[in-house]
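Visitor:
Numbering (my numbering), first residue to last: 35 to 422.
1. Measuring CB to CB, does residue 182 end up less than 9 Å from residue 238?
2. Can you give me the start and stop residues for the beta strand (DSSP E) that residue 97 sits inside?
3. What is the DSSP secondary structure of residue 278, counted as helix, strand or coil?
4. By how many angstroms is the C-alpha of residue 375 removed from the C-alpha of residue 306?
5. Using DSSP's beta-bridge definition, name the partner residues of residue 137.
6. Taking just the CA atoms, how far does residue 234 sit from residue 103?
7. With DSSP as the reference, label residue 160 as helix, strand or coil.
8. What are the boundary residues of the beta strand (DSSP E) that residue 86 is part of?
9. Just confirm the distance between the C-beta atoms of residue 192 and residue 387, as a whole number of angstroms; I'd bet it's less than 8 Å.
10. At what residue ranges does the region 210-260 contain a whole run of the alpha helix (DSSP H), taking only runs of 4 or more?
11. Looking at the unbroken beta strand (DSSP E) that takes in residue 288, where does it start and where does it end?
12. Using a 10 Å radius around the Cβ and a threshold of 16 neighbouring Cβ atoms, would you call residue 250 buried or exposed?
13. Going along the chain, which residues of its own chain have a beta-carbon closer than 7 Å to the beta-carbon of residue 164, five neighbours each way excluded?
14. Classify residue 358 as buried or exposed, calling it buried when 16 or more other Cβ atoms lie within 10 Å of its own Cβ.
15. If we count the other Cβ atoms within 10 Å of its Cβ and call it buried at 16 or more, is residue 245 buried or exposed?
16. From which residue to which residue does the alpha helix (DSSP H) around residue 191 run?
17. Between which residues of its own chain and residue 294 is the CB-CB distance below 6 Å, once the five residues before and five after are set aside?
18. Would you mind reading off the limits of the beta strand (DSSP E) that contains residue 325?
19. Would you kindly work out how many angstroms separate the C-alpha atoms of residue 72 and residue 255, rounded to a whole number?
20. Which residue from 139, 170 and 286 puts its Cα closest to that of residue 327?
21. Pick helix, strand or coil for residue 166, following the three-state DSSP scheme.
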């Protein structure tokens, strides 16, 4: 039976309609999946409240403000005095550490403390607006903040992870287990999880609000290789140490990051690390959880002014005690100073020398050797050299 011209035309129109409908269905499904995974599934715990802002702070647009519920009530009472403190701010704007635009997470106090920043993947022909910036994805394969660049480089410098022109390339097929104690803006864990499925990343963060922020604003995606546990880090270490005593139940970590700081309700907000990580019991648990050739990095940071002599001595004594304590359990430790951050690195791969450090550092990718302050990280084996 031969189809007439009108029948062919009808068939083509019908087929085109099916194709268009399928495309629309695919787009709707993709959009629904995106919002389901990136926004609607990011639920804030009841003790916290999220405030959609849209206002500006300088050149930056505040996308969201996340506060403890009791703090929000206090803010309402103090609105006339304009005392808005103790919240997390997510904002977009010109990058603080490079070119282009970025998304940052800050702790709002009497002045903002930057916790993290990630570059945004923005189309060149788009205008920077609140609506457009919300649609731009975070670049998870790139580290923006200076001290975090130094931090992620340490296991390659100590050779816990193999050296190559692309040092994150896993050549032997073995899984590298990474433990991040402290989430911040999810930059460090996202970086390793994006590079290879051979990096198995576990984050332990006590604050559920940061889990919410990481999922909604900083492209954190949970998988079998990448997860966040909302738990007290010191308690987690203790519990896992008991499991490690039975090797079939738990494995040690090759790289441990201690970037857990005092929070909003602390007397010393922003101070790193938390006091537990200057105590012998916790350091011993860290040692139990670190693999034979592993590396551990501790971020040391404080807002206290070092211009005050008594305060300067107090800070120096704390850092010296930490060095002695960590050397007791990890043997080989050194400091790396970048801007306001002091990183204590300890490794079981053997002692580090200045020459060995700088040779290894020069083999890193160029983007991990480029810093905003145009200063190179300073390597120290002891605090006396640091103070000179």
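Ideal Cβ positions, reconstructed from N, Cα and C, are used throughout, including at glycine.
Guide: According to the structure shown:
1. no
2. 94-102
3. helix
4. 9 Å
5. 126 and 152
6. 34 Å
7. coil
8. 82-86
9. Incorrect: roughly 12 Å between the Cβ atoms, too far for contact.
10. 221-229 and 242-251
11. 287-292
12. buried
13. 88 and 95
14. exposed
15. buried
16. 180-191
17. 215, 216, 267, 307 and 308
18. 324-334
19. Only weak support exists for where residue 72 lies, its pLDDT of 44 falling under 50; the coordinates are left without a value.
20. 286
21. helix
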